[in-house]
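Q:
Number of protein chains: 8
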Amino acid sequence: MRSNTMNSEEILNLLKKVGEGKLSPKAAVGRLRHLPFEDIGFAKVDHHRALRQGYAEVIFGKGKTPAQVAGIVHAMLRQRESRQNILVTRADAKMYATVKRVNRSAKFHPGSGVITIERSKEITGKGTILVVSAGTSDIPVAEEAVLTARMMGNQVEPLYDVGVAGIHRLLEHRSRLTEARVIICIAGMEGALPSVVGGLVGVPVIAVPTSTGYGASFGGVAALLGMLNSCASNVTVVNIDNGFGAACVASCINRL
Amino acid sequence: MRSNTMNSEEILNLLKKVGEGKLSPKAAVGRLRHLPFEDIGFAKVDHHRALRQGYAEVIFGKGKTPAQVAGIVHAMLRQRESRQNILVTRADAKMYATVKRVNRSAKFHPGSGVITIERSKEITGKGTILVVSAGTSDIPVAEEAVLTARMMGNQVEPLYDVGVAGIHRLLEHRSRLTEARVIICIAGMEGALPSVVGGLVGVPVIAVPTSTGYGASFGGVAALLGMLNSCASNVTVVNIDNGFGAACVASCINRL
Amino acid sequence: MRSNTMNSEEILNLLKKVGEGKLSPKAAVGRLRHLPFEDIGFAKVDHHRALRQGYAEVIFGKGKTPAQVAGIVHAMLRQRESRQNILVTRADAKMYATVKRVNRSAKFHPGSGVITIERSKEITGKGTILVVSAGTSDIPVAEEAVLTARMMGNQVEPLYDVGVAGIHRLLEHRSRLTEARVIICIAGMEGALPSVVGGLVGVPVIAVPTSTGYGASFGGVAALLGMLNSCASNVTVVNIDNGFGAACVASCINRL
Amino acid sequence: MRSNTMNSEEILNLLKKVGEGKLSPKAAVGRLRHLPFEDIGFAKVDHHRALRQGYAEVIFGKGKTPAQVAGIVHAMLRQRESRQNILVTRADAKMYATVKRVNRSAKFHPGSGVITIERSKEITGKGTILVVSAGTSDIPVAEEAVLTARMMGNQVEPLYDVGVAGIHRLLEHRSRLTEARVIICIAGMEGALPSVVGGLVGVPVIAVPTSTGYGASFGGVAALLGMLNSCASNVTVVNIDNGFGAACVASCINRL
Amino acid sequence: MRSNTMNSEEILNLLKKVGEGKLSPKAAVGRLRHLPFEDIGFAKVDHHRALRQGYAEVIFGKGKTPAQVAGIVHAMLRQRESRQNILVTRADAKMYATVKRVNRSAKFHPGSGVITIERSKEITGKGTILVVSAGTSDIPVAEEAVLTARMMGNQVEPLYDVGVAGIHRLLEHRSRLTEARVIICIAGMEGALPSVVGGLVGVPVIAVPTSTGYGASFGGVAALLGMLNSCASNVTVVNIDNGFGAACVASCINRL
Amino acid sequence: MRSNTMNSEEILNLLKKVGEGKLSPKAAVGRLRHLPFEDIGFAKVDHHRALRQGYAEVIFGKGKTPAQVAGIVHAMLRQRESRQNILVTRADAKMYATVKRVNRSAKFHPGSGVITIERSKEITGKGTILVVSAGTSDIPVAEEAVLTARMMGNQVEPLYDVGVAGIHRLLEHRSRLTEARVIICIAGMEGALPSVVGGLVGVPVIAVPTSTGYGASFGGVAALLGMLNSCASNVTVVNIDNGFGAACVASCINRL
Amino acid sequence: MRSNTMNSEEILNLLKKVGEGKLSPKAAVGRLRHLPFEDIGFAKVDHHRALRQGYAEVIFGKGKTPAQVAGIVHAMLRQRESRQNILVTRADAKMYATVKRVNRSAKFHPGSGVITIERSKEITGKGTILVVSAGTSDIPVAEEAVLTARMMGNQVEPLYDVGVAGIHRLLEHRSRLTEARVIICIAGMEGALPSVVGGLVGVPVIAVPTSTGYGASFGGVAALLGMLNSCASNVTVVNIDNGFGAACVASCINRL
Amino acid sequence: MRSNTMNSEEILNLLKKVGEGKLSPKAAVGRLRHLPFEDIGFAKVDHHRALRQGYAEVIFGKGKTPAQVAGIVHAMLRQRESRQNILVTRADAKMYATVKRVNRSAKFHPGSGVITIERSKEITGKGTILVVSAGTSDIPVAEEAVLTARMMGNQVEPLYDVGVAGIHRLLEHRSRLTEARVIICIAGMEGALPSVVGGLVGVPVIAVPTSTGYGASFGGVAALLGMLNSCASNVTVVNIDNGFGAACVASCINRL
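Residue numbers (this note's numbering), protein chains in the order written: chain A, 2 to 257; chain B, 2 to 257; chain C, 2 to 257; chain D, 2 to 257; chain E, 2 to 257; chain F, 2 to 257; chain G, 2 to 257; chain H, 2 to 257.
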């Protein structure tokens, strides 16, 4: 792709010719029509959008080599004026070792397979994102959500191990539920937690099914279907094990 | 099948011949070996089992003509010594009209499509069966369970409209939950109710998924999967919309 | 369920006895422990929550008789102090005729099967909810979303017929996309619209798969899976054809 | 969670103030309303439930490190007054080695992956739980059920290798079937065994589909569907390979 | 397609020219190579195959108009030299009325939707085909199998209502099972019957799943999977409700 | 959308101002950047594409009222300069009656539910599209394909009833297969036809699964999966029953 | 199980007592009724069935240890009077090494994972079983079928690599197809081969889907569905990859 | 299979006898009728087809041993007169090492697992095949498509990383899209790319779903369904991850 500046220059040159009478306005219209639209600043707008969302720079580690991951991290770090946090999801220890050599402040969270490089501690989200999870085996996904939301500038609080079969454990923390601005609700097996949580609060609940379980959990399908059929009307759903995506949406809502 | 009495007679005749020396014991063994086993009383044992279970006589109406249903009811009623209640499930108004002509005390329950002929009010179950349901659209299945369990001689109590998205409605009735000896728990959509109920009590919970819902409820599959993956360990599951089956099992447990 | 006032009175009486020295504090603790918790005001808190969410009163029409629907509407209208709008979803012309007799200002929207009784025009949502849909057959679901969001006090704008196979139709309206505070994105078939829309904006996108299509659309499953796998990270998903649920969540976000 | 005693004290202090006239009864009601309900004894009730069910302490090993498993076992053993048996399911040899160091009496059952620490041999179940299985490859699941039911204080008897394609093997043991109080019936492939067993007895049959088989067994789905559609009305179903859950329910029934 | 005779004539003419020396053998090879192969008798071979199989002439009624069905029947009847029976499957009363006008001896079997015109009573199958079915709702499929097998020249015997939940009913008829040369075994719900029957006999068992049932029977899928996973090794399976196909295969085996 | 001419005028005006010195080239660049790109001729390009593809104007009838369909047809007919054929798919007799009033030359094809208005007989496709189908119940889908391809200016030939269980019927027509430039291959049930056809020719084969069949055909899924797994490497697949789509692609290929 | 002789003796003793007048015939009937039916010779009948079927002794290796497999083989070999062949399916090299030590004539077929010990070369099947397979990756399943059918005393012929995309390869061998008495037809991917083969012959075709393929073959489901929907009426189906089962049925047919 | 020449000779001999008067023409017709049709040149026609398609020689590596792959390559190379390129798909490094020994010019492409031996650089396709892919993890499949299409004599251009969530990246390259003669469009996750691309061009688009993704992508099923339901009418679909098949079809189209 040619750079954005180049395109502006091209258009400028075209218009200069019109200004100088070297090209008729009508002929110029004809030429402009054949320029790809992005030449008139599309990419720039897109760049603005990235800034506006305050998204951290994110690398999906799975399927990349450690060298590739480290290379992308290196490129990101060179953009010195940017102070955005860097996040690698679905990473492993080998990737971390390589990234660590690029940047000493990189941290690895083995439970969730997340690498973080924190360059800014600024909180830009307006309220607290509460990350609620049902069982201990849901914690890796919960941790991915917590770290992602934090790297994106949010105040995040975890509330773990509050499954619906021991409903009092959840109800005990009702004040924390009602104080959150957005809730991420993570559960495997029957995926019932978001319905109960959704019924207790008035804020949006983003449900994340996990692949926890065996047999008829079908790798998270049971939880996914349960959440899609939630009888609480403030619940929406993301993909199985997608703690990252839930945190993106929650962060996006928390900036409104 | 020849009647049981006949078979006993045949064997009796055989043994009489042995007793009279007309047949050697060895030859008799040979003959007995070739008699179908039910000739030596199997059906009777089976009959005993039916009595022991206290099952009402049940007719599955769906797929039968009104005349067929009425005919079976008529045959049952002729066995005067039996005082078992008669139950027709998945029936309709036409079937009822025909059955009504056979027996004036027949009652139709249009919500659940159940016809009942109550010939005995004896309570043979040891405790109360509580039938808990989540939404109003689950009530037909719940009613099938209630009527079936009652016809089978149980004290039954309904507890409707206590879905998990308004958890306080359920918790309000905790004493009724803890007083039941067996609980039937009926829910569509995400099917989360049995997990919550199962966590609140120490008795067996029989979960019935319903075909309530639309889209990704897949005609009850979402609820079914949710229930099979219940994180409460006292929950078992029957087929979608199978209020009848749940009541059979509950009744069976309640007699232990 | 006993009324909330009664419960408060009971507790008050209990405490009065303590105040009068007729009951020791220790004995009172014992008694309180056995009172169901809702007796100490839970329902009221819940009532507060309803007010706080600004949810309209909603009746799910499907599976109810016209008389039942009209009865519930009548009960709602009697609560004169409430000025909340009333919404019946999945209704039909017969239900409407009956509701119309109860309240002359009721309106029927046959495309989406929604009945509305508007009692308040107050806008309580902070920004605009844009309802984007792909094909003409998605419009009923879109209309359900539009009407629900409006009845819940939001500024709502529809943007229909902007499917991804004619991407320029969507891009043409980019300014409307970027001006929205929340976007509901409705599509059947391959369900690709939310990914494209999500990539163009920085606000939350609530994706609604529709049962539009035939063959391998499997009644909306293809669109549902597409949306759950969206490569845009600001997309969450609700159940197939659930325009109502999407509007609830959008409204809930729009009040933050 | 703050301890239960603390909460009782708080309430006691509140009531003392009322008794001393330092707080009006009306003001006390207001304060009580804002206390989380579990503060008034909920957890205690829950604790009672645990005792009442006589459940062994159970650890789900899968997904935990050997150190975590051993740590939990260690904590359980410290509660010296408790004499409950300890059970680790889905464990492996490494976990066992670590647990063995914590408690010398721990035993490992490699077929089913169960670790048991037997601290009580008391039989609290009223009758015999019979664990029936179809093929040799179903035995690991059967063993999980047998061990779980034993650890929970039940008389348990195994009856293995009685698949329906050799129906006489099953019929031969009819007396054992009819003597059981609860039957757990474990089968893979077509999952037909519970229907046949259910038809031979009058007690509840808990069916466990196993992931035995290949091809169109779909990891146990064929057996699961078969069992859910059982034509015997005293059959309920738990998740695929869930020998543990079946034993919990059976134990729960056997205490009634 | 040109008629078979014509093609033979063409080849004959070609060969005559060779015989007359008007065409060299080599040139004739070249020409033959370009003749479509069916021109040298393929259709005739195929015709032989039809005769050899002794298949009745069969019309699949579903999706055809009564006039079309009657037209095909009429054309078949004109081939007077043929004495093959005529069978219309998945027919209805309207089709029958029209066929009846074409041939007075046509009979309609409303349970299975089969029309038969019997032109030959010759028995060409070597043994008896036993058609075993589980429940009363499986009888339509069983009847389709019985009629098809009879029309194809087999001695057929029905054995209905011998489901596995009352195993003694089946065992009672063991002699009939062992006397059959081929068994067709029809069952819905859990589809367990073929496994039990297969284990009792040494002949091939053709299993037909039926769409009987509700909920998790998924229109016969549960039974289909059960049968495909049968633990009896003499069981093969045909499509759901395919009584016709089972009879074709059984007939085909019975002629060996 | 504003018309294309308008947009060109706007740009022309802008450029005229530059030419007149009223606006600096640099300022003009800025303004252009904010114009939606379609304003510089996007729609026109798109229009060109439509012409280039030679697509007929197509209306998807399903879900539209007869009045709506007729209205769209009427609008199309007013564009007198266009001579494109008009096609309504998934239409019914009522729609046809209304369209007939708008245009007397409209024809209805009840088998496939297609309405055609032929305004041009020009053949623009380079070769013949052969539409091969397996069974008589596949003919409606085949007819939709034939009519669509014809309306789009192709020479089309049908070849029906050549299913793989009578392979000689297909082989007989091998010359027709090899003479086609593109083949559309339509089959239900096991969907095996495209593999056989694909192996006999060197041209692209577009496979269309149909919803023909019952039981385990799952509404065309069996055929769809069969075709996706075709062992012939010149086969691609479209949606179940999508004769229209297959013809579009075939037409698109036939113009290359 | 007590031995059959014992049971006969018991009955003999009973009858002797009747003969000796020590027991009344009526009392004897009562006692007989309580004897399990298998005591009167059931097992013997079953034993006869095994002999009659001529099945080889078969061990399903998967899930057993090498020692277990060798142990069972050893036990089989001790029954010297039996000359039945021994077959281990789904075995591996380790199992073979252990079995080899037990019996030097054991042979391992690594492609199919079958171990054979041939003790009899007697051909008891009446005709030839032809094993037809589509692709090279289907050969392991084909080999399992070939070896099983041979060990069971059949003349078996393989015909490999005759997939439908090169139909001439299959047609070339038409004489071999028509000479077979039973055909086993093995194919993965679209599973079209049995339909084509079934159409060419008049004998039963047993179709075996294989898990060959990737993506939408879903581990053999595509082939399975294709075969269940076969348009040839002499095709039945066994489970995915079940070459063993297909050979059992074919052998069973070939003995008729 | 006997060679084609042999068969011709046989026929020649037959015809010579006719020419010599040793055999009557009529008798010769009879004999010819029983010759398998392929003996008169079928294979030759087939051979012509292979040449006509210009397909490279392709070996599917998966499931073959390195020695087998090398052996086939060796055999191909011996046919010196052929200059067709050789392609091994789904190969690994071990296979490559062995092939390399057979032919030094063999190249391995580890990303896609493809081995190529280029013997001809002739471009026989008429235009450019553009291979468009969405994400970096789709590149292995894209590379398989690129290499296959190149080996088959096409001008191929890759266009990677243009997913729909950043629609401008795709639009930027619109000229490349419109210049292609055939487009292969590869995407995982929601599989939306082909719809957008299809809407932008007038040429055929062959969509390849990839198994990229996790959770509800179900190994590529989400993308597959999305593509089958594409709202762009110039899109057809091949199996999941089937870059090879897509290239075959594209090549086949590009030669038209």
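Glycine is no exception: its CB is placed at the ideal position from the N, C-alpha and C atoms.
Keep in mind it's a predicted model, so treat the numbers as computed, not measured.
(1) Tell me which residues of the region 204 to 221 of chain D have at least one Cβ-Cβ distance to chain G shorter than 7 Å, keeping chain order.
(2) Which residues bound the alpha helix (DSSP H) around F245 of chain B?
(3) List the residues of chain H whose Cβ lies closer than 7 Å to the Cβ of D242 of chain A, in chain order.
(4) Apply the 10 Å Cβ neighbour rule to N240 of chain F and answer buried if 16 or more other Cβ atoms are within range, or exposed otherwise.
(5) Who are the neighbours of I140 of chain F on chain G, taking C-beta pairs under 9 Å?
(6) Quick check for students: name the residue ranges of the beta strand (DSSP E) that lie wholly in the region 197 to 244 of chain D, counting only runs of 3 or more.
(7) According to DSSP, V133 of chain H sits in a beta bridge with which residue or residues?
(8) Checking contacts by CB at 8 Å: is R254 of chain F closer than that to chain H?
(9) I want to see whether chain B comes within less than 8 Å of S196 of chain D, judged by CB atoms only; does it?
(10) Does the beta carbon of G64 of chain H sit closer than 8 Å to a beta carbon anywhere in chain G?
(11) By the three-class DSSP mapping on this structure, what secondary structure does K108 of chain G have?
(12) Using only CA atoms, which one of E:V157, E:T117, E:K65 and E:V59 lies nearest to N255 of chain E?
(13) Might you give, ordered along the chain, the residues of its own chain that have their beta carbon closer than 8 Å to the beta carbon of A224 of chain H, omitting 5 neighbours on each side?
(14) Does I124 of chain H pass the burial test, meaning 16 or more other C-beta atoms within 10 Å, or should it be called exposed?
(15) Say whether chain F places a C-beta atom closer than 8 Å to the C-beta of L226 of chain E.
(16) Under a three-way DSSP split, which group does H119 of chain G fall into?
(17) Would G288 of chain C pass as an interface residue toward chain A - the criterion being a Cβ-Cβ separation below 8 Å?
(18) Considering only DSSP beta bridges, list what E58 of chain H is partnered with.
(19) Starting from the Cα of P67 of chain G, find the closest Cα among G:D93, G:L88 and G:A76 and give me that residue.
(20) Would you say L178 of chain F reaches chain G, if we count a Cβ-Cβ gap shorter than 8 Å as a contact?
(21) Going by C-alpha distance, which of G:L257, G:G20, G:Q69 and G:R79 is nearest A181 of chain E?
(22) Say whether the region 157 to 167 of chain C touches the region 129 to 148 of chain C, bearing in mind that this needs 3 or more beta-carbon pairs closer than 8 Å, one atom from each stretch.
(23) Run through DSSP, which three-state label would M152 of chain H get?
(24) Does the beta-carbon of T237 of chain D have 16 or more other beta-carbons within 10 angstroms, so that it is buried, or is it exposed?
A: Looking at the atomic coordinates:
(1) Y215, G216 and A217
(2) G244 to N255
(3) Y215 and G216
(4) buried
(5) By Cβ distance, chain G contributes nothing, its closest Cβ being about 15 Å from I140 of chain F, past 9 Å.
(6) 206 to 210 and 236 to 238
(7) H:L160 and H:C186
(8) Before going further, note that residue 254 of chain F is Ile rather than Arg in the sequence given. Yes, its Cβ sits closer than 8 Å to a Cβ of chain H.
(9) no
(10) yes
(11) strand
(12) E:V157
(13) A188, G189, M190, E191, G192, P210, T211, T213, G214, S218 and I241
(14) exposed
(15) no
(16) The sequence shown places Glu at residue 119 of chain G, not His. DSSP places E119 of chain G in coil when its eight states are reduced to three.
(17) For chain C, the structure presents residues 2 to 257; residue 288 of chain C sits outside this window and is missing.
(18) H:I87
(19) G:D93
(20) no
(21) G:L257
(22) yes
(23) helix
(24) buried
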